[in-house]
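When you line the sequence shown up against our numbering, it's residues 1 to 373, in that order.
Every residue gets a Cβ at the ideal spot worked out from N, C-alpha and C, and that includes glycine.
Owing to the predicted nature of the structure, the values given are computational and were not obtained by experimental measurement.
To keep things clear, I will list the structure first and then write my remarks on it.
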Amino acid sequence: MAISRSNGFGTVAFCLAVLCLLGSTAPGQASRRNPRTTDWGQNQEPTVGDWGFDRPGYPPGLYVHGITVKQGEAVTNPVIYDNDVYDDVFDDEWAYAMASLGEMDLTGLIVTPVLTDFWGFSKPEWTQTALDSRANAEASGMRMGRIPPITVGTEAESEQAGERKGSAGARLYVRLINEQFEKDPGRPLIVNIGGQGATLASAYTLDPGIAGKCVVYHTDLKVYNGHYRWASELVARHFRVVSWGDDHWWIPKPCQDQWRVLPRPEHCEAEDNGPSSGEWRLLTDLGVPLLDYMVLQFRNRPEYSPGERKADGYLDGTFIHAWLPGLFADAALMEIRGGEVLHVTSFTPENERRAKEFTMEVLLDPRAYGKER
């Protein structure tokens, strides 16, 4: 577009028009989502903040403007994966495989080793889980040039001490979000948070402008991962958030052999299943440490093995939606932690089936580990 010279008023008007077109917000202003689009014929040119289901020309499912791509196109949004403890879920393994295959631009890995004062805030030992997770990827032959190093986010002794706490992770957020917005404002960086949002919240205090330049997938912001109120309320009030968890969690099963998202072993209890039991053999037969460790988690982690409720899914995997828009059956704008959040409200057996087909195809692709198909 050619831009002619103008007086000061004309320049201001042009800049305001550009900001409206891109859907960005002024520093400190909340990045609101718009009401759900039910008739795409009335909203043929959506902007950031628009959402709905089954937009024509796009894959069926939840459409989020700036994230969901047209049929046949590849998702090119860069991703920051930010979690507290890396060895309690399988989202990191899936993201590594996606990145190694060249199907995800995994541009940042952040570990935020804090929880909430109620359970003891500082968890320095969790940093090692992130380092070990990435080491498993390297030992498995993955393309490590596509898997960034681990960056440490907020470290503090208490919730109060963690507020506005500077860290390498917070600075990484600011740099990567701004770089992507400068490159392609219509394709914002994806932030996936599986723990407390302390690092992103502190990044916001360094540069409030980042709130309008990214989309945040946040697991369980409403309950468990929202207990650190300063961080969760700041993120909910200022960022565009897709929330998932609490009463709409991945559907738990009474037995592991009833799983519909994760590979099923032959027997109900982990202690009755060896590493090659049932569909677990699909993972262990590839002979790579990354997948062997997944099976070890199935057999030992409290989220998946003991008790009456065996959680079935990629528990912090909200951002899988970007590659699988049909992952969620319904969503609604809800007030969560003082902000208006796009909260997922339905996850059905059909969603479970699609999640399993998609994630297992990625994890079992030998090319992710430098092997021939």
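Next item on the list: Measure the C-alpha to C-alpha separation of K253 and R309 and round it to an integer number of angstroms.
Entry: 5 Å
Item checked: Span separating the alpha-carbon of L363 from that of Y293 -> Going from the Cα of L363 to the Cα of Y293 covers about 13 Å.
Check: Is F358 closer than 9 Å to I320 when the C-beta atoms are compared?
Finding: Result yes, Cβ atoms of I320 and F358 sit closer than 9 Å.
Checklist line | F14 classed as buried or exposed, judged by whether at least 16 other C-beta atoms fall within 10 angstroms | finding: Annotation note: pLDDT 33 at F14 (below 50); position unreliable, coordinate value reported separately. By the neighbour-count rule (16 or more Cβ atoms within 10 Å), F14 is not buried but exposed.
Check: Is D105 helix, strand or coil by DSSP?
Finding: strand
Checklist line | Environment of E125 [buried if 16+ CB atoms lie within 10 Å] | finding: exposed
Notebook entry, point to check: Assuming S202 and A170 make a contact with CB atoms under 8 Å, what is their CB distance in whole Å?
Noted result: 4 Å
Item checked: Where A368 falls, given that 16 or more other Cβ within 10 Å makes a residue buried -> The residue in question, A368, is buried, as its Cβ has 16 or more Cβ neighbours within 10 Å.
Notebook entry, point to check: In three-state terms, what does DSSP make of K70?
Noted result: coil
Check: Quick one, are the C-beta atoms of V223 and G245 less than 9 Å apart?
Finding: yes
Check: So is K356 buried or exposed if we call it buried at 16+ other beta carbons inside 10 Å?
Finding: Its Cβ being crowded by 16 or more others within 10 Å, K356 is buried.
Note to self: I'd like the span of the alpha helix (DSSP H) that includes V235, first residue to last.
What the structure shows: 229-238
Next item on the list: In the DSSP assignment, find the unbroken beta strand (DSSP E) run with D82 in it and report its ends.
Entry: 78-83
Notebook entry, point to check: If we ignore side chains and look at the alpha-carbon of each, how far apart do P366 and R373 end up?
Noted result: 5 Å
Next item on the list: May I ask which residues mark the beginning and end of the beta strand (DSSP E) holding D330?
Entry: Per DSSP, D330 belongs to the beta strand (DSSP E) from 330-336.
Next item on the list: Tell me, to the nearest whole angstrom, how far the beta carbon of T337 is from that of A236; I am working on the premise that it is less than 8 Å.
Entry: The sequence given here places Arg at residue 337; Thr does not occur at that position. Contact between R337 and A236 holds, since their C-beta atoms are separated by about 4 Å, short of 8 Å.
Margin query: According to DSSP, simplified to helix, strand and coil, what is Y218?
Written below: Looking at the sequence shown, residue 218 is not Tyr but His. Strand at H218.
Notebook entry, point to check: Can you round the beta-carbon distance between G108 and I67 to whole angstroms, since I take them to be within the 8 Å contact cut?
Noted result: At roughly 17 Å, the Cβ-Cβ gap does not stay under 8 Å, so G108 and I67 are not in contact.
Note to self: Does the contact criterion of 3 or more C-beta pairs under 8 Å hold for the stretch 127-136 versus the stretch 35-51?
What the structure shows: No, the stretch 127-136 does not touch the stretch 35-51.
Check: Taking C-beta to C-beta, are D84 and V114 nearer than 9 Å?
Finding: yes
Note to self: With DSSP as the reference, identify every bridge partner of W126, one or two as the case may be.
What the structure shows: In DSSP, W126 forms no bridge with anything.
Checklist line | Sequence-distant residues of the same chain with beta carbon closer than 8 Å to Y86, five excluded per side | finding: Sequence-distant partners of Y86 (beyond 5 residues in either direction) whose C-beta falls short of 8 Å from its own C-beta, in its chain, are D92, V111, W126, T129, A130, D132, S133.
Notebook entry, point to check: Cβ atoms of E271 and S305: under 9 Å apart, would you say?
Noted result: yes
Check: How should E361 be labelled, buried or exposed, when 16 other C-beta atoms within 10 angstroms of its C-beta is the threshold for buried?
Finding: exposed
Notebook entry, point to check: Helix, strand or coil: how does DSSP classify E350 here?
Noted result: helix
Margin query: Pop quiz: E340 and R33 are said to be a contact at Cβ under 8 Å. What is the actual Cβ separation, rounded to whole angstroms?
Written below: 6 Å
Checklist line | Spatial neighbours of R164 in its chain, beta-carbon cut-off 7 Å, leaving aside the 5 residues before and after | finding: S202, T205
Next item on the list: Can you grab the Cα-Cα spacing for the pair I177 / Y314, in whole Å?
Entry: 25 Å
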